[in-house]
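Data block below; observations after.
2 protein chains.
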Amino acid sequence: MEQVFNVLFEHIADKVPITERDKEVVMSFFRRKKLRKRQYLLQEGDVCKYISFVTEGLMRSYTVDEKGNEHINLFAWEGWWISDFAGFIFGNEAKLNIDAIEDTTVLLLSVENYEKMLTEVPLMERYFRVLYQNSLATKDSRLISAITHTAEEKYTMFLDTYPSIGQRLPQNLIASYLGLSPETISRIKKKITETNT
Amino acid sequence: MEQVFNVLFEHIADKVPITERDKEVVMSFFRRKKLRKRQYLLQEGDVCKYISFVTEGLMRSYTVDEKGNEHINLFAWEGWWISDFAGFIFGNEAKLNIDAIEDTTVLLLSVENYEKMLTEVPLMERYFRVLYQNSLATKDSRLISAITHTAEEKYTMFLDTYPSIGQRLPQNLIASYLGLSPETISRIKKKITETNT
DNA sequence: CGGATCGTTGATCAACTTCAACGGTCGTGG
DNA sequence: CCACGACCGTTGAAGTTGATCAACGATCCG
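Here it is as structure tokens:
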């Protein structure tokens, strides 16, 4: 079995009991793709043909508003799926851009293969149900957090929630993810280190 | 078949081809419950044993912050599911409160029945996968909106997205849903009507 | 009738943005 | 291999948005 699939199968096995036989079938639906830092996987207006599973590296999805500001929707590193979900599911034009923050390897799953796989491998239907179910629970808390918390709380909560990834991200991207200006993040960091001394 | 189930089965049939036979089985997993206006379905700290499908009326889920402010997470009217998802799925204490904004009828589905139903009726596994998938796509846009848009944009977008429900909600609840103060909503409304004259 | 709830309006205040300037570092092309 | 430009973070000053506080009127319902 190709090395890159290990990350995927571990992720699946974490949710449903997958057999070696299933793995063979599942593998056949995916296509592997390498991306260089700053390379696009999807651009606004494209048709989003794939959902992608990151096996190595780091990606982001984001929108650009009328003033040209980027708003990051999601970071995806090893073990995360990324896509323009609305586009993938409903077939409309992508509203999101997706690009690589680091050199990245992904496994691409096309709409057709997605549907085919779900039908042929009932276990995967269950896997995605569980995956989505968990993401929903998580998204809820991010939404509440976006609405209720102060800039400082958002920032510290982000670091608490994703301690590992904080290191790999320049802080202007964290700002964009949290809906704050880079200057605000800078000032918060300063304030935090000052209070700790 | 009980009248109240019509709403549920229409909702299901909208996503997957359900048979009369399946309907009988599915029905058996649900319990019907009536709630009066202001009645709790779930309180913070409780164990969330059910997900609920609203067949009539209007409910909300919300958190209360340390200052005592309520932040509405979700409105659910006819054809919507409502629950403390994280609690239901992972079994931890509910962080959300759920209560009725109008007199409401819901169909309750317990964790045990949920799991049983998903296993016994593969079609429902698919139904929930599609349901979650669609909600995810929707949540994404609400999140982006919460982060990027101004108060006025949030308000007008809300009315555009849910034209029917806007009428049934007092505007302080809309404010709470959008993460704005009631005064702000009031001023926005004023501004809008003024510009339109 | 009386209290609770809801919306409105005004005044002040706090949080965060925006704009601008500057220093450091990294990577790339000459 | 060095120099230059791009990118990133920092800091200060000023500006905006929306929250908060307070008072008041209207409506609804018991």
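Line by line, the protein sequences are chains A and B.
When we follow UniProt numbering, the leftmost residue of the first sequence carries the number 1, and every step to the right adds one.
When we follow UniProt numbering, the leftmost residue of the second sequence carries the number 1, and every step to the right adds one.
For each residue, glycine too, the CB sits at the ideal point set by N, CA and C.
This structure is a prediction, so every number in the text was calculated from the model and none was measured.
Check your understanding: Pick from S164(B), H149(B), L180(B), F158(B): whose alpha carbon is nearest that of E66(A)?
Key -> Shortest Cα-Cα distance from E66(A) to any of S164(B), H149(B), L180(B), F158(B) involves H149(B).
Review point. Looking at the structure shown, is K34(A) part of a helix, part of a strand, or coil, going by DSSP?
Key: In the structure shown, K34(A) sits in a strand (DSSP, three-state: E or B).
**Study point:** H149(B) - containing beta strand (DSSP E), residue span
**Key:** H149(B) -> no beta strand (DSSP E), and no H or E assigned at all.
Check your understanding: Taking only beta-carbon atoms, is K139(A) less than 7 Å away from chain B?
Key -> Judged by the 7 Å Cβ criterion, K139(A) is in contact with chain B.
Point to revise | Collapsed DSSP secondary structure at D65(B) in the structure displayed | key: Of the three classes helix, strand and coil, the one that applies to D65(B) here is coil, per DSSP.
Exercise for review: Look up T55(A) in the DSSP assignment and say whether it is helix, strand or coil.
Suggested key: Here T55(A) sits in strand by DSSP.
Exercise for review: Answer yes or no: does any C-beta atom of chain A fall closer than 7 Å to that of L136(B)?
Suggested key: By this cut-off, L136(B) is an interface position.
Point to revise | Supposed close pair L173(A), G166(A) - CB separation, criterion 8 Å | key: Not a contact, Cβ separation roughly 11 Å.
Review point. Buried or exposed: where does Q3(A) fall if 16 or more other Cβ atoms within 10 Å of its Cβ makes it buried?
Key: Counting Cβ neighbours within 10 Å, Q3(A) comes out exposed, since fewer than 16 surround it.
Review point. Helix, strand or coil: which one does DSSP assign to E5(A)?
Key: Strictly speaking, residue 5(A) in this sequence is Phe, with Glu absent from that position. Three-state result, F5(A): helix.
Point to revise | Distance, I185(B) Cα to A175(B) Cα | key: Roughly 6 Å between the two C-alpha positions.
Review point. What number of angstroms, rounded off, separates the C-alpha of Q43(B) from the C-alpha of I144(B)?
Key: Answer to the nearest angstrom: the Cα atoms are 28 Å apart.
Check your understanding: Is it the case that the Cβ atoms of A137(B) and I98(A) are separated by a distance below 7 Å?
Key -> Pairing A137(B) with I98(A) gives a Cβ-Cβ distance that is not under 7 Å.
**Study point:** Status (buried if at least 16 other CB within 10 Å, exposed otherwise) for K190(B)
**Key:** Counting other Cβ atoms within 10 Å of its Cβ, K190(B) stays below 16 and is therefore classed as exposed.
Review point. Does T119(B) get closer than 7 Å to chain A when you measure Cβ to Cβ?
Key: For T119(B), no CB of chain A lies under 7 Å from its own CB, so it is not counted at the interface with that chain.
**Study point:** Secondary structure, beta strand (DSSP E): runs of 3+ residues fully inside the segment 119-191 of chain B
**Key:** Counting only runs of 3 or more, we get nothing.
Check your understanding: What do you get for I192(B), buried or exposed, if any count of 16 or more other CB atoms within 10 angstroms of its CB means buried?
Key -> I192(B) is exposed by the Cβ-count criterion.
Review point. Hey, how far is the Cα of G79(A) from the Cα of T195(B)?
Key: Rounded to the nearest whole angstrom, the CA to CA distance from G79(A) to T195(B) is 50 Å.
Point to revise | For A13(A), the three-state DSSP class (helix, strand or coil) | key: In the structure shown, A13(A) adopts helical secondary structure according to DSSP, grouped into three states.
Exercise for review: Would you list the one or two residues that DSSP bridges to F88(A)?
Suggested key: Paired residue(s): none; F88(A) is not in a bridge.
Exercise for review: Assign E115(B) to one of three DSSP states: helix, strand, or coil.
Suggested key: It is helical.
Check your understanding: How many angstroms separate the CA atom of E183(B) from the CA atom of I188(A)?
Key -> Distance between the alpha carbons of E183(B) and I188(A) is about 29 Å.
Check your understanding: With a cut-off of 7 Å, does the C-beta of Q133(A) fall near any C-beta of chain B?
Key -> Output row for Q133(A): interface = yes.
Check your understanding: So which of W77(A), V47(A), F53(A) has the shortest CA-CA distance to G87(A)?
Key -> Nearest of W77(A), V47(A), F53(A) to G87(A), Cα basis: V47(A).
Exercise for review: Under 9 Å between beta-carbons, which chain B residues line up against H71(A)? List them in chain order, please.
Suggested key: Neighbours of H71(A) in chain B, taken as residues whose beta carbon is under 9 Å from its own, are I144, I147, T148 in chain order.
Exercise for review: Count the other CB atoms, across all protein chains shown, that sit within 10 Å of the CB of T161(B); report buried if there are 16 or more and exposed otherwise.
Suggested key: The residue in question, T161(B), is exposed, as its Cβ has fewer than 16 Cβ neighbours within 10 Å.
Check your understanding: Which two residues bound the contiguous beta strand (DSSP E) that contains S110(B)?
Key -> From DSSP, the beta strand (DSSP E) with S110(B) extends over 104-110.
Exercise for review: Could you tell me if S164(A) is buried or exposed, where buried requires 16 or more neighbouring beta carbons within 10 angstroms of its beta carbon?
Suggested key: S164(A) comes out exposed.
Review point. Where Y132(A) and H11(B) are concerned, what is the direct C-alpha to C-alpha distance, given to the nearest angstrom?
Key: Rounded to the nearest whole angstrom, the C-alpha separation of Y132(A) and H11(B) is 19 Å.
Check your understanding: Are I51(A) and L8(A) touching if we call contact CB-CB under 7 Å?
Key -> Cβ atoms of I51(A) and L8(A): not closer than 7 Å.
Review point. How far does the alpha helix (DSSP H) with E24(B) in it reach, from first residue to last?
Key: For E24(B), the enclosing alpha helix (DSSP H) stretches over residues 20-28.
Check your understanding: Using a Cβ-Cβ distance under 7 Å, would R129(B) count as near chain A?
Key -> Interface flag for R129(B) against chain A is set, since a Cβ pair is found closer than 7 Å.
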